[in-house]
Amino acid sequence: MIIHIVGAGPKTNTITNLPQNDENSMVIGVDNGAHYIIEEGLIPEAIFGDFDSLIDENLEKIKRLVPNVFIYPPEKDETDLELAIQWAIKQNPEKIIIHCVTGKRLDHEFGSITLLIKFMNSEVPIMIVDEYNEIYVINEGTHLINKQKQFKYVSFFSLGTSVENLTLKGFKYPLTNHLLEIGSSLCVSNELVEGVGSISFTKGIALVVRSKD
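Sequence positions in the sequence shown follow numbering that gives the first Met the number 0 and run 0 to 212.
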C-alpha cells in the first residue's frame, strides 16, 4: 500500500489523479490539505491539524466524512505533518509520498525535508513531490535509480556530515570513491545516461533531488 499525504502548502497538480482509498493506496490530509483532497472528489482516510480556520459547521461536516480525525492544539512540539507521518508509518505502507509541502514558506519546506532525515530509518521509503521535483534521502549502501523522462536532472547533496566514497554509475558525470563535502555543488544537475544507474557510498546521508525545468 502507498500512502499519499497532502500537506497544507500551495496546491500542486500532483494530487489531480490521486487514487481513492483502497487496499493498494490511502490518502490522508494535513490541515488545509484535507480541503485539497475533498476538492478532488476524494474522502481522506485520516486528517491531522488544529483546523482553527474552519467554522464549527464545516469541521463537523468533515468529521462526518472522514473515518479518522486527529485535532491538535496549535501550540505543540511536533508539526501536523510530522504527526501525520508517524501515523502513516504505523499503517505499514510500502511507500509514503508527500504532496503540497513546497513552494511557499521556506521554513515549512525545510522542516518537511528534515523530516525525511528523521524517519529515514523507519524502513518505509518517504518522498516529497511537486510539479518540478522528487526529493528523498538515502543512507550508506548501494541504491538503484531509474531514468525518467519527467525528471531529467538528478542532484546529490551531503547532509550532516560528508558523504564518503561516493560512486555514481550510469550517469553523464560518473564518480568513483569521491568525498562529497557539505556545501559542494559538484553533484548538482547530473543526468542518467543508462536506463538504470546506481549511487553508492560508505558513510553519510545524501539528499537526492530529481528535477525538471
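By construction, the Cβ of each residue, glycine as well, lies at the ideal position given by its N, Cα and C atoms.
Nothing here was measured: the structure is a model prediction, and the numbers come from that model.
Item	Value
Considering just the uninterrupted stretch of the alpha helix (DSSP H) at G80, what are its terminal residues?	A small fix is needed here, since residue 80 is Leu in this sequence, not Gly. It spans 79-89 - the alpha helix (DSSP H) in which L80 sits, taken as one unbroken run.
What residue range is occupied by the uninterrupted alpha helix (DSSP H) comprising T113?	105-117
On a CA-only basis, which of N176, I181, M0 is nearest A87? Give me that one, please.	M0
Can you tell me whether R209 is buried or exposed? The criterion is at least 16 other CB atoms within 10 Å of its CB, across all chains shown.	buried
Tell me, please, which residues DSSP counts as bridged to G140.	F200
Thinking C-alpha only, which one of N189, L58, T201 is nearest V207?	N189
Would DSSP call Y35 helix, strand or coil?	helix
Going by CA-CA distance only, name the one from S157, N120, T113, I144 that's closest to L179.	S157
By alpha-carbon positions, which one of K168, T160, P173, I70 ends up nearest to I181?	T160
Relative to the C-alpha of Q149, which candidate in I37, I95, V128 has its C-alpha closest?	V128
Do you know offhand how far H107's Cα is from V29's?	13 Å
Measuring from the CB of D129, is there a heavy atom of the ligand SAH at a distance below 7 Å?	What this structure holds is no ligand at all, so the ligand SAH is not there to describe.
How is the beta strand (DSSP E) around F156 delimited, first residue to last?	152-168
Helix, strand or coil for T11? Go by DSSP, reduced to three states.	coil
Based on Cα-Cα distance, which residue from R63, P66, T15 lies nearest to E130?	T15
Using a Cβ-Cβ cutoff of less than 7 Å, which residues in the same chain neighbour N164 once the five nearest sequence positions on both sides are dropped?	N176, F200, T201
Name the DSSP bridge partner or partners of L174?	L167
Could you tell me the alpha carbon to alpha carbon distance between V100 and Y172, rounded to whole angstroms?	30 Å
Might you give, ordered along the chain, the residues of its own chain that have their beta carbon closer than 7 Å to the beta carbon of F50, omitting 5 neighbours on each side?	D30, L58, I70
Just verifying my parser: in three-state terms, what is the DSSP assignment at E59?	helix
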